[in-house]
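Notes follow the structure.
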């Protein structure tokens, strides 16, 4: 989606931390999401953050939200080869009856052994 | 069921033909969404149902696309006079209510020859 941008590729070594970044343009976003997509599969919800929060931690995942800069990041600690996938960030605006998610183009994470 | 299911998983058709794609949401989820994902892109919103009615159909690209959800559960996305540009993965998602997290199915991969 043109309103949500992500870098296309990220490569890390197994055991390192991964940081996937996302920028969005609409400050009216209510929720921001991270989804994971493995080859040939649908989208798996990883985590989400409400727009009035700065940070959310869930086991190996940490989400940081900077509303001023409209920047969202996902940090994966101790990255494993099973984390290799495409990661999508998405925003939800809740304008009128709309509840649609607007996705970025995805970041391909490759974890090297 | 345990998750959102979609049938068929793959559909090959010829240009000009009519296709129907089915989505079975998570039991008890009142909201249902259709998205389309082209190769190398994030999903793009098509239509959102709350119960039996289409609450937001602003993402449908043209009048060849239509979706129904007659009993507020299963939904069918219908594409008339298919074009090669309709080739994509069609994803369905459901949520417990309109403001809740969306859970995605595995998608239907449509190929129009």
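Protein chains in written order, with my numbering: chain E, 1 to 113; chain H, 1 to 113.
Every residue gets a Cβ at the ideal spot worked out from N, C-alpha and C, and that includes glycine.
**Asked** Taking Cβ positions only, does residue 50 of chain E come closer than 7 Å to chain H?
**Response** Position 50 of the first chain, counted from the start, is the residue given in the question as residue 50 of chain E. Not closer than 7 Å to any Cβ of chain H, the Cβ of residue 50 of chain E fails to qualify, so no.
**Item:** Distance between residue 40 of chain E and residue 37 of chain H (C-alpha atoms, nearest Å)
**Value:** For the purposes of this step, residue 37 of chain H is taken as the residue at position 37 of the second chain. For the purposes of this step, residue 40 of chain E is taken as the residue at position 40 of the first chain. If you take the alpha carbons of residue 37 of chain H and residue 40 of chain E, they lie about 12 Å apart.
**Prompt:** Does residue 59 of chain E get closer than 7 Å to chain H when you measure Cβ to Cβ?
**Reply:** Locating residue 59 of chain E in the first chain gives position 59, counting from the first residue. It does not: the Cβ of residue 59 of chain E has no partner Cβ on chain H nearer than 7 Å.
**Request:** Would you mind telling me which residues of chain E sit closer than 7 Å to residue 102 of chain H, beta carbon to beta carbon, in chain order?
**Result:** Reading the second chain from its first residue, position 102 is the one you call residue 102 of chain H. Under the 7 Å cutoff, chain E gives 101.
**Request:** Taking C-beta pairs closer than 9 Å, name the residues in chain H that residue 88 of chain E reaches, listed in chain order.
**Result:** Residue mapping note: residue 88 of chain E aligns to position 88 of the first chain, counting from 1. Near residue 88 of chain E (Cβ distances below 9 Å), the residues of chain H are 42, 43.
**Request:** Answer yes or no: do residue 30 of chain E and residue 83 of chain E have a C-beta to C-beta separation smaller than 7 Å?
**Result:** Position 30 of the first chain, counted from the start, is the residue given in the question as residue 30 of chain E. Position 83 of the first chain, counted from the start, is the residue given in the question as residue 83 of chain E. The answer is no: Cβ separation not under 7 Å.
**Item:** Separation of residue 63 of chain H from residue 33 of chain E, as counted between CA atoms
**Value:** Start at 1 with the first residue of the first chain, and residue 33 of chain E comes out as number 33. Start at 1 with the first residue of the second chain, and residue 63 of chain H comes out as number 63. Each residue's Cα considered, the two are about 30 Å apart.
**Asked** In or out: residue 100 of chain E buried (at least 16 other Cβ within 10 Å) or exposed?
**Response** In the first chain, residue 100 of chain E corresponds to position 100, counting from 1. Result: buried.
**Message:** Could you compute how far the alpha carbon of residue 24 of chain H sits from the alpha carbon of residue 5 of chain H?
**Reply:** As a position in the second chain, residue 24 of chain H is number 24, starting the count at 1. As a position in the second chain, residue 5 of chain H is number 5, starting the count at 1. Each residue's alpha carbon lies about 5 Å from the other.
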